[in-house]
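Remarks on the structure that follows.
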Amino acid sequence: WLQLDLGYSMSITAIDTMGLEGKEAFVMTYKIEYSEDEKTWAWYKDEGEHNIFEGNTNEIDVVRNYFDPPIQARYLTLRPLEYKTYSCVRWELYTCQI
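1 is the number of the first residue of the sequence shown in full-length UniProt numbering; add one for each residue after it.
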(Lines of atoms letter the chains of each structure in order from A and count residues from 1; the text may use other names and numbers.)
(Lines give C-alpha, C1' and ligand atoms only; values in the text may rest on other atoms or scores of the structure.)
Protein backbone atom coordinates (compact mmCIF):
# COMPACT_ATOMS: atom_id res chain seq x y z
CA TRP A 1 0.00 0.00 0.00
CA LEU A 2 1.01 3.62 -0.48
CA GLN A 3 0.09 6.40 1.90
CA LEU A 4 0.34 10.14 1.33
CA ASP A 5 0.23 13.04 3.78
CA LEU A 6 -0.95 16.16 1.95
CA GLY A 7 0.08 18.37 4.89
CA TYR A 8 -3.42 19.75 5.42
CA SER A 9 -6.98 18.85 4.48
CA MET A 10 -7.84 19.11 0.80
CA SER A 11 -10.66 18.22 -1.53
CA ILE A 12 -9.35 15.37 -3.72
CA THR A 13 -11.21 15.18 -7.01
CA ALA A 14 -9.33 12.62 -9.13
CA ILE A 15 -6.39 10.21 -9.31
CA ASP A 16 -4.14 9.20 -12.22
CA THR A 17 -2.21 5.92 -12.17
CA MET A 18 0.57 4.48 -14.35
CA GLY A 19 2.79 1.42 -14.13
CA LEU A 20 6.54 0.90 -14.51
CA GLU A 21 7.43 1.28 -18.17
CA GLY A 22 9.55 -1.49 -19.66
CA LYS A 23 8.80 -3.95 -16.83
CA GLU A 24 5.14 -4.79 -17.52
CA ALA A 25 4.41 -4.01 -13.88
CA PHE A 26 1.20 -2.20 -12.98
CA VAL A 27 -1.78 -2.18 -10.62
CA MET A 28 -5.01 -3.39 -12.23
CA THR A 29 -7.47 -2.74 -9.37
CA TYR A 30 -7.26 -0.88 -6.06
CA LYS A 31 -9.23 0.62 -3.18
CA ILE A 32 -8.82 4.04 -1.61
CA GLU A 33 -8.83 4.78 2.10
CA TYR A 34 -8.71 8.30 3.58
CA SER A 35 -8.40 10.13 6.89
CA GLU A 36 -8.25 13.62 8.39
CA ASP A 37 -6.21 12.63 11.47
CA GLU A 38 -4.37 9.37 10.51
CA LYS A 39 -6.30 7.57 13.29
CA THR A 40 -9.83 7.24 11.91
CA TRP A 41 -9.93 5.86 8.36
CA ALA A 42 -12.79 5.45 5.87
CA TRP A 43 -13.00 3.55 2.59
CA TYR A 44 -14.12 5.46 -0.46
CA LYS A 45 -17.57 4.01 -1.21
CA ASP A 46 -19.94 3.97 -4.15
CA GLU A 47 -23.60 3.46 -3.21
CA GLY A 48 -22.59 2.11 0.22
CA GLU A 49 -20.09 -0.48 -1.10
CA HIS A 50 -16.30 -0.25 -1.05
CA ASN A 51 -15.41 1.14 -4.45
CA ILE A 52 -12.92 -0.97 -6.42
CA PHE A 53 -11.17 1.26 -8.92
CA GLU A 54 -10.12 -0.01 -12.33
CA GLY A 55 -6.43 0.73 -12.74
CA ASN A 56 -4.09 0.03 -15.60
CA THR A 57 -4.12 -2.58 -18.36
CA ASN A 58 -0.51 -1.83 -19.33
CA GLU A 59 2.47 0.01 -17.88
CA ILE A 60 2.42 2.99 -20.26
CA ASP A 61 -1.05 4.53 -20.40
CA VAL A 62 -2.40 6.91 -17.77
CA VAL A 63 -5.75 5.92 -16.22
CA ARG A 64 -7.80 8.63 -14.49
CA ASN A 65 -10.51 7.90 -11.92
CA TYR A 66 -12.72 10.64 -10.49
CA PHE A 67 -13.97 10.91 -6.92
CA ASP A 68 -17.62 11.92 -7.08
CA PRO A 69 -18.21 13.22 -4.52
CA PRO A 70 -14.67 14.48 -3.88
CA ILE A 71 -12.74 13.09 -0.89
CA GLN A 72 -12.09 15.55 1.94
CA ALA A 73 -8.89 14.41 3.66
CA ARG A 74 -5.31 15.08 4.70
CA TYR A 75 -4.17 11.45 4.34
CA LEU A 76 -4.86 9.09 1.46
CA THR A 77 -3.93 5.41 1.08
CA LEU A 78 -3.95 3.45 -2.19
CA ARG A 79 -4.36 -0.29 -1.54
CA PRO A 80 -3.58 -2.45 -4.61
CA LEU A 81 -5.82 -5.52 -5.04
CA GLU A 82 -4.66 -6.99 -8.37
CA TYR A 83 -1.45 -6.36 -10.27
CA LYS A 84 0.68 -7.71 -13.10
CA THR A 85 4.27 -8.87 -12.45
CA TYR A 86 4.51 -6.96 -9.15
CA SER A 87 2.65 -4.15 -7.41
CA CYS A 88 4.06 -0.98 -8.96
CA VAL A 89 2.19 2.27 -9.37
CA ARG A 90 2.97 5.89 -10.14
CA TRP A 91 0.13 8.15 -9.11
CA GLU A 92 -0.95 11.75 -9.20
CA LEU A 93 -3.78 13.36 -7.26
CA TYR A 94 -5.92 16.29 -8.33
CA THR A 95 -6.86 18.52 -5.40
CA CYS A 96 -8.48 21.78 -4.42
CA GLN A 97 -7.27 23.65 -1.34
CA ILE A 98 -10.05 24.63 1.05
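Glycine is no exception: its CB is placed at the ideal position from the N, C-alpha and C atoms.
- Message: By the DSSP assignment, the beta strand (DSSP E) with V63 in it spans what residues?
- Response: The residue labelled residue 63 in the question sits at position 63 within the sequence shown. Its beta strand (DSSP E) spans residues V63 to K84.
- Given E24, which residues of its chain have a CB within under 7 Å of its CB, disregarding the five upstream and five downstream residues? Taking the sequence shown and counting its residues from 1, the one referred to as residue 24 is at position 24. So the list reads E59, K84 and T85, once near-sequence residues are dropped.
- Task: Could you give the DSSP three-state label for residue 102: helix, strand or coil?
- Result: Nothing can be reported for residue 102, as the shown portion of the chain is limited to 1 through 98.
- Message: So I12 and L93 are supposed to be a Cβ contact under 8 Å. How far apart are they, rounded?
- Response: Within the sequence shown, the letter at position 12 stands for residue 12. Within the sequence shown, the letter at position 93 stands for residue 93. I12 to L93, Cβ: 6 Å. Contact.
- G22 versus C88, L4 and Y66, residue with shortest Cα-Cα distance: Mapped onto the sequence shown, residue 22 falls at position 22. Comparing alpha carbon positions, the residue from C88, L4 and Y66 closest to G22 is C88.
- Host beta strand (DSSP E) of S87 (start-end): The residue labelled residue 87 in the question sits at position 87 within the sequence shown. That residue, S87, is in no beta strand (DSSP E); it is neither H nor E in DSSP.
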